[in-house]
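Protein chains in written order, with the numbering used here: chain A, 1 to 358; chain B, 1001 to 1328. Note that beta-carbon positions come from the ideal geometry of N, C-alpha and C, so glycine has one too. See structure below.
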């Protein structure tokens, strides 16, 4: 193979226009042919997607790959087509969930729905009456109690995993990760077994206890990563100045890792706020508003969705979708806040740098 | 050499121990160590309390509890056996993993190697959003939106590949709605994020020089993936898939509505609405269970816990071993 004449100004080959045209053509033609097949032969769309479009697209991409790069272009083309196809598939599924939630949930959404409770509401009551207010209160109370207990516990765990010299750290880390896969229904059964053994009544606080093992691994893992991001030199410097470990933690590491720990809290709450099975097993449901988590019935958002989901009536199904939308909004808020807190750190370090330079 | 110097007693080796000195530090580390060991306590407590409550059922049912396939709460000595449910859980988990693995690997590859930094971050956020969807919302969506579509896929599969044993059904009249195929898809959607996030992390921590070297030697994207990226990250990917399987086995509410429960073992006809899953069964039967039956359900939970803990622990060991950068 001879050397191609080098262009005068640039050491690299100029963009091959024919190749670009081929690539554009290869991305359009398969879709076009598939659309034609669907319109004219009334082929099932799913069959057309998997049986006509994907093979055609693969073929077209491989052809372009072969004409442009020879044999080695074929594998590349197939890889890229498959990767994009699969990724688009997941994106379509995700957006399907979100679109369904928003369109169906919007039917029920109103100030009444968010603020009122469900007393005197039956399966067929119109959406002008009743709502998820009591469920929002219940969810916030139950999740709040879990958070109060779990976050210090998870952070203490993270401290141990990052700062102690113990040899069992690896085992604890592995075990915590294994617990993160605890089936939620088992968490519920566990607390129910405790209640049955000790003779406790079902109540909101049992639900909080059932959520703890589900939240703990998330908090511990994210907090561990947050603490690990703090330069170890900071801690050594504090220790070298004579600070005891706990002061080094509270006065040096904690302020530095604050935003990361807030992220841990938020992600932990987002993890459990939608948990359903443990609450169904441990918390008795209620149609009225209740502020008492220690005894009596109390409603939660997931239980509300669960309760109205299988009802055959339109208004009930709308209630389920509406409650799901409220739940998703809470999760999205937590999630967005978590992103915000984990992002501000870089900004902060910039501003401190600027201050230092002044 | 003189004898006396050899006899000289070897100095005692001093052990360098930097333990906490002040009282505050002692309490600090004591507290954190108690918190850290809470993991062990938690697992132990779960086992103990589930066992206490499951004991009546386990002792009356004996070993057939795990492999038998009858559940009769009307019979006088109640018969409770969960063989089909365990097998169903495993089947659905396997189907879910088969669907989720290519999707997750493709997503991770896309995010790390194909997309720009900015787009990759957006894609990561979307995957995390998928992970954050509560299972009851997935269940709601699966019941009303997804299961008709998936049932159509199943019927297409049956029409064109019905000769293949996996896709045979006894009769197409039942529809395909409650089949392990549909539930497997739902579970796959639930586990794609976890497999993706671990795979993505492993991909992004691969030695760049290795990849650039492979490309410089004339490798294409495909050959680099097949011969460099895949072999070096295969261990962690297997761990991630196992972790996904553990999740899939425990998935409760998401598949509760789309799955048909029947105490009849489904050996692998994934399109047949037959079989079930342990977690779904517990939720389905819990509402009207009396004390003896609750004990049986807790026993089922115990079996599920031991199964998932085993898989998850194995998976965590594999993943942690494959991610040395996470160890201090």
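Between residue 38/A and residue 48/A, the C-beta gap is smaller than 8 Å, which places the two residues in contact.
Residue 201/A sits exposed, since fewer than 16 C-beta atoms from the chains shown fall within 10 Å of its C-beta. Note that the C-beta distance between residue 1253/B and residue 1136/B is below 8 Å.
The C-beta distance from residue 324/A to residue 101/A rounds to 6 Å, short enough to fall under 8 Å. Under the Cβ criterion of 8 Å, residue 181/A is counted among the residues facing chain B. Along the stretch 1241-1318 of chain B, the alpha helix (DSSP H) occurs as fully enclosed runs of 4 or more residues at 1253-1256, 1278-1286, listed in sequence order. Residue burial is scored here from C-beta neighbours: residue 36/A has fewer than 16 other C-beta atoms within 10 angstroms and is therefore classed as exposed.
For residue 131/A, not one C-beta of chain B is nearer than 8 Å to its own C-beta. Out of 1055/B, 1227/B, 1160/B, the CA that lies nearest to the CA of residue 1214/B is found in 1227/B. In chain A, no part has a C-beta under 9 Å from the C-beta of residue 1147/B; the shortest such distance is about 12 Å.
The shortest CA-to-CA distance from residue 1123/B to any of 1319/B, 1108/B, 1133/B is the one to 1108/B. Under the 10 Å beta carbon count, residue 1189/B is surrounded by 16 or more other beta carbons and is classified as buried. Excluding sequence positions up to five before and after residue 61/A, its CB lies within less than 6 Å of the CB of 26, 77, 81, all in the same chain and listed in chain order. Interface annotation for the stretch 206-227 of chain A against chain B: 213, criterion Cβ-Cβ distance under 7 Å. Using a Cβ-Cβ cut-off of 8 Å, residue 1179/B does not count as an interface residue toward chain A, since no Cβ of chain A sits closer than that to its own.
It is roughly 46 Å from the alpha-carbon of residue 1283/B to the alpha-carbon of residue 1207/B. The distance from the Cβ of residue 1241/B to that of residue 1192/B is about 11 Å, inconsistent with a contact at the 8 Å cut-off. Separation of residue 204/A and residue 1033/B (C-alpha to C-alpha, rounded to the nearest whole angstrom) is 29 Å. At least one CB atom of chain A sits nearer than 8 Å to the CB of residue 1192/B. At a cut-off of 8 Å, the C-beta of residue 1252/B has a neighbouring C-beta in chain A. At a cut-off of 8 Å between beta carbons, residue 170/A contacts chain B.
For residue 1299/B, same chain residues with a beta-carbon under 7 Å away, outside a window of 5 residues either side, are 1054, 1057, 1058, 1065 in chain order. Burial state of residue 1148/B is exposed, judged by a 10 Å Cβ sphere holding fewer than 16 other Cβ atoms. Residue 132/A places its beta carbon less than 8 Å from that of residue 304/A. Of the other Cβ atoms in all chains shown, fewer than 16 fall within 10 Å of the Cβ of residue 1160/B; this residue is therefore exposed.
Not flagged as an interface residue toward chain B: residue 109/A, since no C-beta distance is shorter than 8 Å. Within the stretch 72-85 of chain A, contact with chain B at the beta-carbon level (separation under 9 Å) is assigned to 72, 73, 74, 75, 76, 77, 78, 79, 80, 82, 83, 84, 85. Taking a Cβ-Cβ threshold of 9 Å, the residues of chain B close to residue 197/A are 1049, 1052, 1053, in chain order.
By the rule that beta-carbons nearer than 8 Å mark a contact, residue 1024/B touches chain A. Judged by DSSP secondary structure, residue 134/A falls within the alpha helix (DSSP H) whose first and last residues are 133-163. Among the CB atoms of chain A, none fall inside 8 Å of the CB of residue 1266/B. At a cut-off of 8 Å between beta-carbon atoms, residue 1120/B makes no contact with chain A.
Chain B has no Cβ within less than 8 Å of the Cβ of residue 251/A. Under the DSSP assignment, residue 239/A falls in the alpha helix (DSSP H) whose first and last residues are 232-240. For residue 1221/B, at least one C-beta of chain A is nearer than 8 Å to its own C-beta. CA-to-CA, the gap between residue 1175/B and residue 1151/B works out to about 7 Å.
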